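Protein chains in written order, with the numbering used here: chain A, 1 to 415; chain B, 1 to 83.
Written out as structure tokens, the structure reads:
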């Protein structure tokens, strides 16, 4: 069957519909390393301009760290560019197992298995450890990759209201007839920046005989006093049965992810998780860089401490300027605008002022919850944040939203 | 509003609305297209209906369209109660 005119026409109409709905995604081309200051070509064809990056997951500022780059270069020289194999055929080098061992120590778990990405880890883990006798009970704001992974698993699905412990307990009681109950949550929720109540979740899991899964992608490396993650922050190290996380954010920002946790569950993933079994091994250059990242952050908390100070400072600047922000302590700081068009207009004007941020709106967040998600980095210096708040204040004044809360902004712009 | 509509509406409000959510939900409020219930969370609604009314709803009949309002949900329940 050829790619017919009718098929082409159908896809064109679909794409036009996405564009008309204001949901069309366009990439912006960066002509520099990832950092606090980046050179961006936008719109396409425009001369690249230097802007402050407030939307990267580069929490620890390690994406372009000279020691990480040097370690990656060493890895390239001594372990090569590619392995041309999945892990279990001929794709496992000594450094893959070394990185898994170092991640196990860092996260305080029993064992770890690398995946090409955390998206892949989440896609494969549930199907590997649960079946139709079990139930998965997920927070309603978990990441899309978890939703996809749950859909691939034969266990019953259920959800609880975001961070609502009473609702979670109801569900745990309701599903006592199941063999295994698995509570599923993000550690730091990617859109709101709030932390899961892991101490309470673990207590409920112990009370109602359930296991706990945490995706700590937005936490690993900086949440907790030594950056181990949300479980360290909540005082439940060693009590989380499955942690998935990424090397693509704070931990160097390249790619790769893992499942870490109880030895038997990790071994089940090694035997049965399809993205592990049928996808190429993580490239040696990335493994080498990630080993250096873990060495850097295991020996010092300087970077996560600086990030924490930047976060406190930025939250205060936004609050003092009169922006409506989501309360919290993570380095994800959402500036609430509620209206999708307003979020896009504010982001566009901020770019003209030299600040790179992105507006988020339905379906990425709930209807009427449009926002600009700002993200801090240890690569930011005080002068970056001072310049950013001057730009935010100028644009905020233009749209007359300073000092206004949810009701006033909605009254002015609607949802 | 009949008893079935009341029962399902009560469940939807309790199960899906946050405490600070002051949206008014009626039997004709769009639940899925209106962003109150997402497809990921819809499974608990289907299970509630099956348990409460002692029916089996095939996945094909538990579509986003069929579950979009309390009125349309009641139509699905009545269809399978009759069978």
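All C-beta atoms, glycine included, are put in the ideal place defined by N, C-alpha and C. Fair warning: this is a prediction, and the values are worked out from it, not measured in the lab.
Under 7 Å by beta carbon: chain B residues contacting residue i
| i | result |
| --- | --- |
| residue 158 of chain A | 43, 44 |
| residue 161 of chain A | 18 |
Residue range of the beta strand (DSSP E) that includes residue i
| i | result |
| --- | --- |
| residue 332 of chain A | 332-338 |
| residue 122 of chain A | Per DSSP, residue 122 of chain A belongs to no beta strand (DSSP E); it is in the alpha helix (DSSP H), 118-129. |
| residue 226 of chain A | Segment: none, residue 226 of chain A is in no beta strand (DSSP E) and carries neither H nor E. |
| residue 113 of chain A | 111-115 |
| residue 323 of chain A | Taken as a continuous stretch (DSSP letters only), residue 323 of chain A belongs to no beta strand (DSSP E), as it is neither H nor E. |
| residue 289 of chain A | Looking at the DSSP string, residue 289 of chain A is not in any beta strand (DSSP E); the run it does join, the alpha helix (DSSP H), is 284-299. |
| residue 157 of chain A | 156-160 |
| residue 370 of chain A | 370-375 |
| residue 258 of chain A | 257-261 |
| residue 212 of chain A | 211-215 |
| residue 40 of chain A | 37-41 |
Near the ligand SAM: residue i beta-carbon under 8 Å from a heavy atom
| i | result |
| --- | --- |
| residue 119 of chain A | By its list of ligands, the structure shown contains no ligand whatsoever, and the ligand SAM lies outside what it can speak to. |
Presumed contact (8 Å Cβ cut-off) between residue i and residue j, rounded CB distance
| i | j | result |
| --- | --- | --- |
| residue 356 of chain A | residue 55 of chain A | 6 Å |
| residue 113 of chain A | residue 270 of chain A | 5 Å |
| residue 284 of chain A | residue 83 of chain A | 7 Å |
| residue 162 of chain A | residue 187 of chain A | Their Cβ separation, rounded to whole angstroms, is 14 Å, which puts residue 162 of chain A and residue 187 of chain A out of contact at 8 Å. |
| residue 72 of chain A | residue 289 of chain A | 4 Å |
| residue 69 of chain B | residue 29 of chain B | 6 Å |
| residue 287 of chain A | residue 75 of chain A | 7 Å |
| residue 128 of chain A | residue 377 of chain A | Not quite, the Cβ-Cβ distance comes to about 34 Å (not below 8 Å), so this is no contact. |
Exposed unless 16 or more other CB atoms sit within 10 angstroms - verdict on residue i
| i | result |
| --- | --- |
| residue 133 of chain A | exposed |
| residue 90 of chain A | exposed |
| residue 381 of chain A | exposed |
| residue 326 of chain A | buried |
| residue 33 of chain A | exposed |
| residue 122 of chain A | buried |
| residue 304 of chain A | buried |
| residue 323 of chain A | buried |
| residue 280 of chain A | exposed |
| residue 10 of chain A | exposed |
| residue 21 of chain A | exposed |
| residue 116 of chain A | buried |
| residue 232 of chain A | buried |
| residue 312 of chain A | exposed |
| residue 370 of chain A | buried |
| residue 306 of chain A | buried |
| residue 143 of chain A | buried |
| residue 319 of chain A | exposed |
| residue 343 of chain A | buried |
| residue 374 of chain A | buried |
| residue 1 of chain B | exposed |
| residue 18 of chain B | exposed |
| residue 29 of chain A | exposed |
| residue 246 of chain A | buried |
Contacts of residue i in chain A (Cβ-Cβ under 7 Å)
| i | result |
| --- | --- |
| residue 50 of chain B | Those do not exist, as residue 50 of chain B stays about 12 Å from chain A at its closest Cβ, beyond 7 Å. |
Limits of the alpha helix (DSSP H) - the one that residue i falls within
| i | result |
| --- | --- |
| residue 74 of chain B | 70-82 |
| residue 53 of chain B | 42-53 |
| residue 53 of chain A | It is not in any alpha helix (DSSP H) - residue 53 of chain A instead sits in the beta strand (DSSP E) that spans 49-53. |
| residue 386 of chain A | 382-398 |
| residue 13 of chain A | 5-20 |
| residue 61 of chain A | Neither: residue 61 of chain A is in no alpha helix (DSSP H) and is coded neither H nor E. |
| residue 7 of chain B | 3-16 |
| residue 174 of chain A | 165-174 |
| residue 136 of chain A | Note, residue 136 of chain A: premise wrong, no alpha helix (DSSP H); beta strand (DSSP E) at 135-139. |
| residue 179 of chain A | First-last for residue 179 of chain A: undefined, no H or E at that position. |
| residue 418 of chain A | Nothing about residue 418 of chain A can be read from this structure; chain A reaches only from 1 to 415. |
| residue 202 of chain A | 198-207 |
| residue 242 of chain A | Unbroken run through residue 242 of chain A is the beta strand (DSSP E), 242-246; no alpha helix (DSSP H). |
Neighbour list for residue i in chain E, Cβ cutoff strictly below 7 Å
| i | result |
| --- | --- |
| residue 40 of chain B | The structure shown contains no chain E; its protein chains are A and B. |
| task | Please name the residues in the stretch 344-373 of chain A whose beta-carbon is closer than 8 Å to at least one beta-carbon of chain B, in chain order. | result | 362, 366, 367, 368
| For the stretch 135-148 of chain A, which residues have a beta carbon sitting closer than 7 Å to at least one beta carbon of chain B? | 140, 147
| query | Name the residues in the stretch 49-69 of chain B whose C-beta lies less than 8 Å from a C-beta of chain A; which are they? | reply | none
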